[in-house]
Amino acid sequence: MEWSLKEDLRDCLVAAAPYGGPIALLKNNARKEKSPGVRPLLEIYSASGLLLASIPWKSGQLVQLGWTASEDLLCIQEDGTILVYNLFCEFKRHFSMGNEVLQNHVLEAKVFHTEYGTGVAILTGAHRFSLTTNIDDLKLRRMPEVPGLQKPPSCWAVLSQDRVTIILLAVGQDLYLLDNTSCSVVTPPGMSPSAGAYLQMAVSFNYRCLALFTDTGYIWMGLATLKEKLCEFNSSIRSPPKQMVWCMRPQSRQRAVVVAWDRQLMVVGNSTEFVLDEDSYLVPELDGVRILSRTSHEFLHEIPEASQEIFKIASMAPGALLLEAQKEYEKESQKADEYLREIKDQKLLPEAVSQCIEAAGYEHEPDTQKSLLRAASFGKCFIDKFPAESFVHMCQDLRVLNAIRDYQIGIPLTFTQYKRLTIEVLLDRLVLRRLYPLAIRICEYLRLSEIQGVSRILAHWACYKVRRQLGGWPSRSLGWGWGRSGWAVVLLEYEPRSGEQVPLLLKMKRSKLALSKAIESGDTDLVYTVVLLLKNELNRGTFFMTLQNQPVALSLYRQRIEGRVGALQNALDEYYKAKNEFAAKATEDQIKLLRLQRHLQEDFDKPYLDLSLHDTVSNLILDGHHKRAEQLYREFKIPDKRYWWLKISALANRGDWEEMEKFSKSKKSPIGYLPFVEISVKHHNRYEAKKYAPRVTPEQRVKAFVLVGDLDQAADAAIEHKNETEMNFVLSKCTASTDAAVAEKLNRARAQLLKK
Amino acid sequence: MAFAGRRDVPEPPDFGILKRLARDQLIYLLEQLPGKKDLFIEADLMSPLDRIANVSILKQHEVDKLYKVESRPAISASDQFCFLVRPRIKTMRYIADIVNADKMSGRSRKYKIIFSPQKFYACEMVLEEEGVFGDVTCDEWSFYLLPLDEDIISMELPEFFRDYFLEGDHRWINSIARALQLLNSLYGPFGKAYGIGRCAKMSYELWRDLEEESEADGQGRKPEIGNVFFMDRDTDYVTALCSQVVYEGLVDDTFRIKCGSVDFGPDVTSSDKSIKVLLNAQDKVFSQIRNEHFSSVFGFLSQKSRNLQAQYDRRRGMDIKQMKNFVSQELKGLKQEHRLLSLHIGACESIMKKKTKQDFQEMIKAEHSLLEGFDIRESTSFIEEHIDRQVSPIESLRLMCLLSITENGLIPKDYRSLKTQYLQSYGPEHLLTFHNLKRVGLLTEQSAGETLTAVESKVSKLVTDRAAGKITDAFNSLARKSNFRAISKKLGLIPRVDGEYDLKMPRDMAYVFSGAYIPLSCKIIEQVLERRGWLGLEEVVRLLNGNEFSVSGSTSAPG
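Protein chains in written order, with UniProt numbering: chain A, 1 to 756; chain B, 1 to 559.
1) Sorted by chain position, which residues of the same chain lie with C-beta nearer than 7 Å to A/Asp739's C-beta, five sequence neighbours on each side aside?
2) Closest by CA to A/Val111, which one among A/Pro147, A/Pro144, A/Ser160 and A/Glu90?
3) A/Cys12 by DSSP, collapsed to three states: which one?
4) With distances taken between CB atoms, is the gap from B/Gly197 to B/Thr235 smaller than 7 Å?
5) Select from the segment 641 to 652 of chain A all residues with a C-beta closer than 7 Å to any C-beta belonging to chain B, and list them in chain order.
6) Decide if the segment 244 to 251 of chain B is in contact with the segment 331 to 343 of chain B; the criterion is three or more beta carbon pairs, one per stretch, under 8 Å apart.
7) Thinking just about the alpha-carbon of each residue, which of B/Gln424, B/Ile387, B/Gln282 and B/Pro87 is nearest to the one in A/Lys637?
8) For B/Asp169, which residues from the same chain have a beta carbon less than 6 Å from its beta carbon, with the 5 sequence-adjacent residues on both sides left out?
9) Cα separation between A/Arg249 and B/Ala53?
10) Whole angstroms is fine: what's the gap from A/Asn73's alpha carbon to A/Leu435's?
11) Can you check whether the C-beta of A/Ser612 is within less than 7 Å of a C-beta belonging to chain B?
12) Output yes if chain A places a C-beta closer than 7 Å to the C-beta of B/Leu423; else output no.
13) Kindly confirm or deny that the segment 412 to 421 of chain A and the segment 441 to 458 of chain A touch, where touching means at least three C-beta pairs closer than 8 Å.
14) Are the beta-carbon atoms belonging to B/Leu39 and B/Cys82 less than 7 Å from one another?
15) Report yes or no: is there a C-beta of chain A within less than 7 Å of the C-beta of B/Pro412?
16) Consider the Cβ of B/Pro393: report whether some Cβ of chain A lies at a distance smaller than 7 Å.
17) Could you list which residues in chain B have their beta carbon closer than 9 Å to that of A/Ser455, in chain order?
18) Could you compute how far the alpha carbon of A/His301 sits from the alpha carbon of A/Phe311?
19) Tell me A/Glu273's beta-bridge partners as DSSP assigns them.
20) Round the Cβ separation of A/Pro241 and A/Val259 to the nearest angstrom and send it over; I've been treating them as touching at under 8 Å.
21) Give me the residue from B/Phe143, B/Gln421, B/Leu29 and B/Asn436 with the minimum Cα distance to B/Ala22.
22) Who does B/Gln80 pair with in a DSSP beta bridge?
23) Residues of the segment 377 to 401 of chain B in Cβ contact with chain A at a cutoff of 9 Å, in chain order, please.
24) Name the chain A residues that come within less than 7 Å of B/Leu431, Cβ to Cβ?
25) My understanding is that A/Met1 touches A/His297, with C-beta atoms under 8 Å, so please give their C-beta distance in whole angstroms.
26) Would you mind telling me which residues of chain A sit closer than 8 Å to B/Lys355, beta carbon to beta carbon, in chain order?
27) Where does A/Gly119 fall in DSSP's three states?
28) If we cut at 7 Å on Cβ distances, does B/Tyr501 have a partner in chain A?
29) I want to verify the contact list: residues of chain B whose CB lies under 8 Å from the CB of residue 764 of chain A, in sequence order.
30) I'd like to know whether the C-beta of B/Gly427 is nearer than 7 Å to at least one C-beta of chain A.
31) Tell me the residue span of the alpha helix (DSSP H) that contains B/Cys440.
32) For B/Ala468, does the three-state DSSP call read helix, strand or coil?
33) How far does the alpha helix (DSSP H) with B/Met509 in it extend, from its first residue to its last?
34) When you compare each of A/Gln150, A/Thr118 and A/Val120 to A/His127 by their alpha carbons, which one comes out closest?
35) Determine the direct distance from the alpha carbon of A/Ala109 to that of A/Lys92, and round the result to whole angstroms.
36) In the DSSP assignment, find the unbroken alpha helix (DSSP H) run with B/Met104 in it and report its ends.
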């Protein structure tokens, strides 16, 4: 063990997590002599004794420590409050076991694991039990009272049968079973009547077996259902054992109980005794028992069948022979052939190979593993079509196991435990220990899919890093309004590759930042991507303003235009070849226009590119660049009519009535003057409209006057034309109250007309 | 058109069967992929699908999430993907990308592609090219015909026009033939079949072949469909190019009727949300005004609302029993009618706002003079002004096409100048638009042989030599000849009117265009049905480029 403990283990509160999990120690948990100056120290070690973290214990008196299935440390206080810490002694949360516990205090507590999760059972000062089967979904259950219970039970255990959690307790010579509603007295079958009072009990890892120790040194072993006795044993040691745990393999028929006293360890079942050099602590595991002491950490287990067969002295099992054959083969001895022949004659070669593979899994020494695997691979050569998967998987698994068993990592999993735990959980545990690189290596080595493996681990790593980063940030910048994308942007600052940064920034709609990042990167493709995206996203004005601030982007954008001119030039050549003169002319004009637009854009700092000719001229007038508009009008031979329409509507939009009047007088309008009237009226400027009405051709004059609202003049015009339809039209616009005179005039004229 | 309530027309057959059939088949196909699945639907299948099976039916058959087929790859946790698509190459690529992306990331899912209405070999080839053919299963949803109304069924294949008339692609003809087969098997043998146009003839012949192959015994059933008339769109472009002035047409112009339903925006509903309204014979108000000239619609609606008010007013002076009767039997119907009435009045107002502008009046005037062939110069300059003022890009094109078809092509000078004007207004990319319009024959230049440049004739010769291009080219040359003026004279499509055309009591079909023009296609059908064949219409047929046929008792071999 790496740790250098000064204290005896017996003076500490110890808790070790199963599956090669970490060890928690609470030192100086001095209950009796209360020396206020000395604070208890909570330390967490890896299974190899590396200190992971330690904190001085500042909260209340601790009764019990325990680990959850997800390797969180549960610290159970006297007042029933349970504090949850992670592997690194960082506080996560706390919860209480209820008022009853608070009042009566915790006498004893046990942490247990069932299919529901991690549970806690508490014996209170009032000799009542409270438990919860899952601390993540806290539902407190208060167990029924044991009748006539005056003193605390001598021992008790939590059983889980058929998904029901029950408590077995012993008071003197009586055993009681507590389930949700009732309390019943039970007697184990085949129990010797002279056995005496129960001192200790142990439940196996899978809750199937139960062992009882009495004050006469008698040990009863049976099923936890108390329906069948497996065996009994008299240890002839009367003192109460410190710990008693089961040691058995799943699927094995051999069952044994390990009983520990201060200096003695007894394996009951095949009754072997060991002497303990120092104070030890037993940790029950799925397939054995971990024994940890100040200097060592050992694993006691039943030798699996495959290993027995191979390594038994003078074993003639096929596996043993194969191992021997391989050794001889390496010595280049002909005996290799003899051994091999012996196995082959019995047609047991496949068994031999799988035996060697299996046994390799149970070995902890890489050398032994290697020699067994070598033997397997040697034997494999002599079999047709031996499926390679088992061999390959074993090699992979062993590689992973050896890596995590390293004392720096300190997760001493056995093969059986590893298979039960699954690789996903193992990865989770590595992540919990912040061993990100190793976890990623393992994922890569086992070729796990991205989502399952590497990216998940990276996500955890990122979260961890973010949390660390935040610790270092000045609190002022942690404004509330930041939102998540704000953070993401900050984090992206740390991304060294612009190629990765930019698309993400775009996704987060930080296009301007993306643009400057893209330019920083010097990758023109990236700049184009952003520029084209910006063009769609922003309105033209802002788009060019943005580009203006980024000369690199602007010049790239210009080059793109040059590129387009080039493409058009090609099209032009092709059109000439095809003698399609019309299209050629159109293309030529477009090239000319593009070039012009580029100049305009530069001169006026306004977007002109990609507008049609009409829109270009119209925009120029809107912005008051009349000279330039005139120039385009001549250069592109814009028909007069179009130009006049275009100009007056642009001027009206601009509200430049003065310019419009000037324009109307510049020469005779090719579209007449009715459009002037119409457009002024459309912009609700009757005053201006009236200026043009008299200039409208006589045929349209009535309409023009009606439009400007001058019914009197309209009537005069209509009468002058002697046109009945026009008169009716004006009449229909007259209202009786205001235009009575006009109406009368019209009626008279019409009557006269009709008379003729 | 809805003839409900007219005694001289028999009840249309129950086209609802088509809907039920399509729904059952779709459900069957969905159930072929048991368990939860995500459904990807092609955008233009959404509206038709909506008419067949709504979301709750899809959900009943374990469709979990619905996605639109689009370029963005889908993120989904589902183990099964079902694609309901048109047989298009682009869509195949999209699906292949999804499958390949899943493969890359090690996800395994089930994929099923349902083609509507049928699968094309090219699609399978694309899937094979992309290496996903083995990963998907393909099925066909033979959803050929969607009944839009009691008396209108549609294939809902908008791409047919472009594929066939522009690209010369014949793949949809098979679908048409199958649709005919479906009709035939459901509603008994057709009494008589008439047709005109190349595509019509091909479809008919293919269908006959299919019938003979299948040997399904449709005989002895009471024929529910009397006459079938096949007609190519290019026989009569003019009707489609004229501004519509009946109510349904204007609703379509203003709001776009899609798959028989229309979205009335906030300005119609006079609330802040849009309402989707199904426009068919079930809508009592709509069915009465849909075919009316717009000028009489308003009067009708106000009359209707007065009637409705009167019916409401009957409540007064009712005793309790009568009142109970009224509430339980009539009120609901009245309320429904009231709601529809207010919607249609809203729609009318909206249309009025847009269409009573002077521009619209002048455009109608120009159209009419084009149809009659008067004042062509004036109309041309009207179109020019229309383009110059950037009134509407699509309307300008429409007027130009109408001019081209009625005048057998534009005179070269006008063609050039209108084109130039158009490009100046809307950008040079429309060179392609003009090219396409020319190929289809919608907008052409008057060209005798001598105006064809040497190169052009060479190119066309090259194309003719190649078997593949043959048809396309033949089409172009055929379509280029539009003899509208002669046909119009022959069939009397422009009614001679003395005085005002009475739109309220129309004398002929011309009322749908304010009395200016009788739709050519309708006139042909009327003539053929009257004569029970093409006899006496030889000249018209020749002007329409032939390919006419008429078969009586279509169980016999085609003639």
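Just so it is clear, CB atoms sit at the ideal spot from N, CA and C, and this is done for glycine as well.
In brief:
1) Leu711
2) It is A/Ser160.
3) coil
4) yes
5) For the segment 641 to 652 of chain A, residues whose beta-carbon sits nearer than 7 Å to a beta-carbon of chain B comprise Lys641, Arg642 and Trp645.
6) no
7) B/Gln424
8) Asp163
9) Looking at the two C-alpha atoms, the distance is approximately 59 Å.
10) Checking the sequence shown, residue 73 of chain A turns out to be Leu, not Asn. Approximately 19 Å, taken between the alpha carbons.
11) Taking Cβ atoms only, chain B reaches closer than 7 Å to A/Ser612, which makes this a yes.
12) By this cut-off, B/Leu423 is an interface position.
13) no
14) yes
15) Chain A contact via Cβ: absent.
16) no
17) Result: empty, since nearest Cβ-Cβ is about 10 Å, beyond 9 Å.
18) 16 Å
19) A/Met266
20) 5 Å
21) B/Phe143
22) B/Lys110
23) Ser381, Glu384, Glu385, Ile387, Asp388, Arg389 and Gln390
24) Ala583 and Ala586
25) 5 Å
26) Per Cβ cutoff of 8 Å: no residues; B/Lys355 is ~18 Å from chain A at best.
27) In this structure, A/Gly119 counts as strand in the three-state DSSP scheme.
28) At least 7 Å separates the CB of B/Tyr501 from every CB of chain A.
29) Outside the shown range of chain A (1 to 756) lies residue 764 of chain A, about which nothing can therefore be said.
30) yes
31) Position check: residue 440 of chain B holds Val in this sequence, whereas Cys was assumed. Per DSSP, B/Val440 belongs to the alpha helix (DSSP H) from His430 to Val440.
32) Confidence at B/Ala468 is low in this model, with a pLDDT of 42, below 50, so the placement of that residue is unreliable and no value is reported for it.
33) Run containing B/Met509: none; DSSP gives neither H nor E here.
34) Comparing Cα-Cα distances from A/His127 to each of A/Gln150, A/Thr118 and A/Val120, the minimum goes to A/Gln150.
35) 20 Å
36) Ile89 to Met104
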